[in-house]
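S.K.: Sharing a structure with you now.
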Amino acid sequence: TASGSDALAQYAPPVARRFADLDTVPDEYLLWFHRLPWDHRLGSGSTLWEELVAHYDRGVAEVTAMRAAWATLEPNVDAERFAKTARLLEIQAREARWWRDACIAYFRSRSGLPLPSGVAEPEHALEHYMNLRFPYAPGR
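Just so you know, we're using our numbering here: the sequence shown kicks off at 6 and counts up by one.
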């Protein structure tokens, strides 16, 4: 907001007003424009913390669903294409999981809150994710 980074200044006035108001900013853009306590209730009824964790869990679930859907197509796709796409989806699933774990570990270190009930712990401690290096990643 204007009292923070004033990122809203780059938007047309009607859009800036919408995003500046907690009652009208869409939840998906909330943290781009507002600093809120972890226990802030969102439109879903969940707290900010609960929704943030659920967001990363949904990412893993979506890739799992994509892999399952792709598996059903095997009889209809040539073997080479099927195998290549299955391998890429496997990579995506692994990366979605470590991204979920790294983000949850980081935000938990900032919030000091326990994970919501039923949520799996990250596979590793935050330090593990902070020490990962990707020297061959694009843009490096």
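Cβ coordinates follow ideal geometry from the N, Cα and C atoms, glycine included. Fair warning: this is a prediction, and the values are worked out from it, not measured in the lab.
1) Going along the chain, which residues of its own chain have a beta-carbon closer than 7 Å to the beta-carbon of T6, five neighbours each way excluded?
2) Are G48 and D62 close, meaning C-beta to C-beta below 8 Å?
3) At the level of alpha carbons, what is the spacing between R102 and E95?
4) Taking the CB atoms as reference points, tell me whether D106 and P140 lie closer together than 8 Å.
5) Would DSSP call T90 helix, strand or coil?
6) Given a threshold of 16 other Cβ atoms within 10 Å of its Cβ, counted over all protein chains shown, does E55 qualify as buried or as exposed?
7) In whole angstroms, give me the CA-to-CA distance for E132 and A84.
8) Is the beta carbon of S116 sitting closer than 8 Å to the one on W43?
9) Sort out for me which residues DSSP pairs T29 with in a bridge.
10) As a quick exercise: from P18, Q15, A17 and L57, pick the residue whose alpha carbon is nearest that of L35.
11) Can you list, in chain order, the stretches of the alpha helix (DSSP H) that have 4 or more residues and sit fully within the region 88-127?
12) Can you tell me which of the three DSSP states T52 falls into?
13) Tell me the DSSP secondary structure of R138 in three-state form.
M.R.: According to the data block:
1) L13, A25, F38 and H39, listed in sequence order.
2) no
3) 11 Å
4) no
5) Secondary structure of T90 (DSSP, three-state): helix.
6) That one is buried.
7) 41 Å
8) yes
9) In the DSSP output, where bridge partners are listed per residue, T29 has none listed.
10) Ranking P18, Q15, A17 and L57 by CA distance to the CA of L35 puts L57 first.
11) none
12) strand
13) Annotated three-state conformation of R138 is coil, per DSSP.
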